[in-house]
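Numbering-wise, the working numbering comes out as the position in the sequence shown, counting from 1, plus 145. C-beta: ideal position from N, C-alpha, C; glycine also. Input: a single structure, listed below in structure tokens.
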Amino acid sequence: MQELVEKIYSVVWSLPFILVLLSVGLYFSFKLRFIQIRFLKQIFKRPAKEKSGNKSALGDISNFASLCTALSATLGTGNIVGIAVAVSVGGPGTLFWLALSSFFSLATKYCEGFLAIQYRRVGSDGKIAGGPMYYIEKGLNSRFLAKLFAFLGAWVALLGTGTFVQANSIAAAASSFGVSKYMTTIVLSMIVAMVIFGGIHRIAETAKKVVPTMTICYIVIAVTILILRADMILPALKLIFIDAFHPRAVVGGGVGTAVIYSIQIGVSRGIYCHEAGLGSAAIASAAAKVNNGREQGLISMFGAFMSIIVCIMTGLVLILTSSDTNIFSDACDIPSTLLTAHAFGSGLGILSLGSQVVNVSILFFAFTTIIGWNYYGEKCVQYLVSTKAIVYYRILFLIFVMIGPFLQINTAFIVADIVIGLMAIPNIIALIMLRKEIVKGTM
146 MQELVEKIYS VVWSLPFILV LLSVGLYFSF KLRFIQIRFL KQIFKRPAKE
196 KSGNKSALGD ISNFASLCTA LSATLGTGNI VGIAVAVSVG GPGTLFWLAL
246 SSFFSLATKY CEGFLAIQYR RVGSDGKIAG GPMYYIEKGL NSRFLAKLFA
296 FLGAWVALLG TGTFVQANSI AAAASSFGVS KYMTTIVLSM IVAMVIFGGI
346 HRIAETAKKV VPTMTICYIV IAVTILILRA DMILPALKLI FIDAFHPRAV
396 VGGGVGTAVI YSIQIGVSRG IYCHEAGLGS AAIASAAAKV NNGREQGLIS
446 MFGAFMSIIV CIMTGLVLIL TSSDTNIFSD ACDIPSTLLT AHAFGSGLGI
496 LSLGSQVVNV SILFFAFTTI IGWNYYGEKC VQYLVSTKAI VYYRILFLIF
546 VMIGPFLQIN TAFIVADIVI GLMAIPNIIA LIMLRKEIVK GTM
């Protein structure tokens, strides 16, 4: 099974597909005159300014709640455990490719938020329905591509980021506190059920309380480690840059093949972390109380930016502590699920404290990702079938959450990457075809 999914992964995340993703980000960055730089100040001011939302605007939740819901789905184990897997397998150079591709992907994220507002509608249940499936159907006049996106989106939530990876990571983190997998599965399933059966408002309220606090705490601790090892930052950055173009021979075929592999890992991990190009966050963006697609696009960029910051911080801590963790050595015997915890503990000088910090972060980030992706999956099912099918989807979602703790984490990550890559295809086609509308509405 492991060998099969790795072969499928190599096909889905092939170099041509990666180049397409990068080209879309590059195109919109230039056409929108590097909006991620020009509006950097507004990107950071907008979430606080719109915390209560535009009460007279169409929408179910405030801009801030929409942002937190999107962040809840974005910030997960991919930003913590996934980065450890990427750096340990692909080398420190993967962090360079992740950061570079993510910078251009911010423009892609803006486009998704913009289109989410332009093409949303009120569903049969009186709530907002929006996202890629709607701007694909209305903008491209293609029901086939819209249904394909919705179908893949529902399965990404079930097989990818929404269940297996997050539930598995929660079980691993809880085991460090002496809690068995069976107990974790029972408690997690009960809490998830209480939240998701409360609909978007309960999901958003939960996300508003958990996501900002955990994100700030995690970044503060990472920055503390960087300060404690400030003398090592420049050598680490040099190592990252050099390894990006002259990586160690992690795969056969020489330096050229190794560089491609490093790019492949870095870009795919970046997409997994910030989800730009995937289109998923546009589903949450559509629910925001705002009438202006441009404003929502800026808020979408803020969410992606915060996710990228968490990824880079995690990667830097791993590299700064590489001499302690032995992460780049064949003799490294620390499981990928424990690498980040060990790195944080080493950076803080207290191994047990680092483990607690990372495990608590995983518990909360993974939980919010589960509830966020459940909402995405629900909206995809609603588009494919009807509002009545949502309750059955929630039950199926809970079953998959229960299975997650008993899977192998590496296989779960690869499966997640595969379905994410497939989901991105119809969304990328829509962004390309609607490029003139996006540029005209922005400029």
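For the pair Thr513 and Met359, the CB atoms are nearer than the 9 Å cut-off. Ile341 is a Cβ neighbour of Phe542, given a cutoff of 9 Å.
The Cβ atoms of Ser445 and Ser430 sit closer than 9 Å to each other.
Using a Cβ distance threshold of 9 Å, Ala367 and Phe489 count as a contacting pair. Per DSSP, the continuous alpha helix (DSSP H) segment holding Gln181 begins and ends at 180-183. DSSP, read as helix, strand or coil, puts Val310 in helix. Assignment of Ile225 by DSSP, reduced to helix, strand and coil, places it in the coil class. For Val267, the pairing in a beta bridge is given by DSSP as Ile273.
Here Ala433 carries a strand assignment [DSSP, helix/strand/coil].
Pro277 sits away from Phe249, with the two beta carbons spaced by 9 Å or more. Taking a 10 Å sphere around the C-beta of Glu420, we find 16 or more other C-beta atoms and assign the residue as buried. Rounded to the nearest angstrom, the gap between the Cα atoms of Lys383 and Phe390 is 11 Å. For the pair Phe322 and Val355, the Cα-to-Cα distance works out to about 20 Å. Remark: C-beta atoms of Tyr417 and Asp270 do not approach each other more closely than 9 Å. In this structure, the straight-line span from the alpha carbon of Ile364 to that of Val503 is close to 11 Å. The three-state secondary structure of Ile206, taken from DSSP, is strand.
Per DSSP, Met588 is not a residue of any alpha helix (DSSP H), being assigned neither H nor E. Between Ala433 and Ser207, the C-beta gap is smaller than 9 Å, which places the two residues in contact.
The three-state reading of DSSP puts Gly343 in coil, since its state is none of H, G, I, E or B.
In this chain, the alpha helix (DSSP H) harbouring Ala295 covers 288-304. The C-alpha of Ala291 is placed about 5 Å away from the C-alpha of Glu282.
Across the structure, Phe510 and Leu529 are spaced so that their CA atoms are roughly 29 Å apart. Each of Tyr520, Ile479, Ser468 was checked against the Cα of Ile535, and the nearest Cα belongs to Tyr520. At the C-beta level, Trp518 and Ala302 come within 9 Å of one another. Relative to Trp300, the option among Ile574, Leu220, Met568 whose CA is nearest is Met568.
Taking a C-beta distance under 9 Å as the contact criterion, Asn572 and Gly424 qualify as a contact pair. Straight-line spacing of the CA atoms in Gly586 and Leu212 works out to 21 Å. Beyond the five residues adjoining it in sequence on each side, Asp469 comes within less than 7 Å, by CB distance, of Ser491 in the same chain, given in chain order. In the DSSP annotation of this structure, the continuous segment of the alpha helix (DSSP H) that includes Leu498 starts and ends at 496-529. By the Cβ neighbour-count rule, Tyr537 is exposed, with fewer than 16 other Cβ atoms within 10 Å of its own. In this structure, Ser246 sits away from Leu185, with a CB-CB distance that is not shorter than 9 Å.
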